[in-house]
Amino acid sequence: MGWLERVGRVVRGHLDSLVNEAEDPEKLLDEAISKMEQELIAMRRALAEAIATHKSAERQLSRYEKAAATWYERAELAMAKGGESLAREALFKRQSYQQQADSIQSQLIEQNEIIQKLKNELRTIEHKEREAKAKKSLYLARLRSAMASQKLHEVLGDFDPYNSDNLFERIDQQILELEVQSTTIGEFSDPLESKFRELENNKKVEQEIAKLKEKNSQAEIDDIRSKLDKL
């Protein structure tokens, strides 16, 4: 038994033992998708509460603005009747309502920014969930293929499978690396593959040598023709 074949058998035996110990990839992907769904539920609830709070604040703002307008009209009426003191009291009352209205207006601006942020995050998570579900079958097929050469925890690394933000991106990257490694291991452990690869490499070298010879021959011919032309 050749050295390469012995190494190949040892490598394959070790990888087989790793596959038997590997975790279930479908379970991990299902858990990641489930986590996204839970995030969606929480995000929709938070968005609904934020919108409800915003609408309540808008109603309160409307009441304060109407009250401020009413007290301003009363101040105008008092001044028209010569009641400056009464008009001053009405204006203080109006100022109180206006300050509260201004405060709520500032809150509404902040709440609106929060609502827009929640909507953007919700759209992002919804997109990730749809993409994850659509690609689940593809990832499972590639993961199971990769498991033939590497233990699954090497695909996932040390990151948390419940971290849905980058799970599928990192799985995709690691699978690509595993597929390359699997191909390399297969080629390394197959003596026949190595022999043909050596022949192919030799053939390429000989082809390049032939091109160089042809180039040099043509250069010699051109040189001879040039000398003949000068005679």
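Following the working numbering, the numbering of the sequence shown begins with 1 at its first residue and continues without gaps. From the three backbone atoms N, C-alpha and C, an ideal C-beta is built for every residue, glycine too.
Buried versus exposed, by CB contacts within 10 Å (16 or more), residue i
| i | result |
| --- | --- |
| Arg-59 | exposed |
| Ala-87 | buried |
| Ala-32 | buried |
| Leu-28 | buried |
| Ala-141 | exposed |
| Ala-132 | buried |
Which listed residue (the options) has its alpha carbon closest to that of residue i
| i | options | result |
| --- | --- | --- |
| Ile-125 | Asp-102, Glu-26, Trp-71, Ser-34 | Ser-34 |
| Gln-105 | Ser-56, Met-79, Ala-80, Leu-118 | Ser-56 |
| Lys-117 | Gln-218, Glu-37, Met-36, Ala-48 | Ala-48 |
| Arg-45 | Glu-110, Glu-206, Lys-66, Glu-121 | Glu-121 |
| Asp-30 | Lys-135, Ser-145, Tyr-72, Thr-70 | Lys-135 |
| Glu-26 | Glu-200, Glu-206, Ser-137, Lys-203 | Ser-137 |
| Tyr-72 | Gln-207, Lys-93, Glu-84 | Lys-93 |
Within 7 Å, strictly: CB atoms of residue i and residue j
| i | j | result |
| --- | --- | --- |
| Tyr-139 | Gln-100 | no |
| Ala-52 | Gln-98 | no |
| Met-43 | Glu-129 | no |
| Ala-50 | Ile-115 | yes |
| Gln-95 | His-54 | no |
Beta-carbon separation (whole angstroms), residue i vs residue j, contact threshold 8 Å
| i | j | result |
| --- | --- | --- |
| Leu-108 | Leu-61 | 7 Å |
Near the ligand MG: residue i beta-carbon under 6 Å from a heavy atom
| i | result |
| --- | --- |
| Ala-68 | The model on display carries no ligand, and the ligand MG is accordingly not part of it. |
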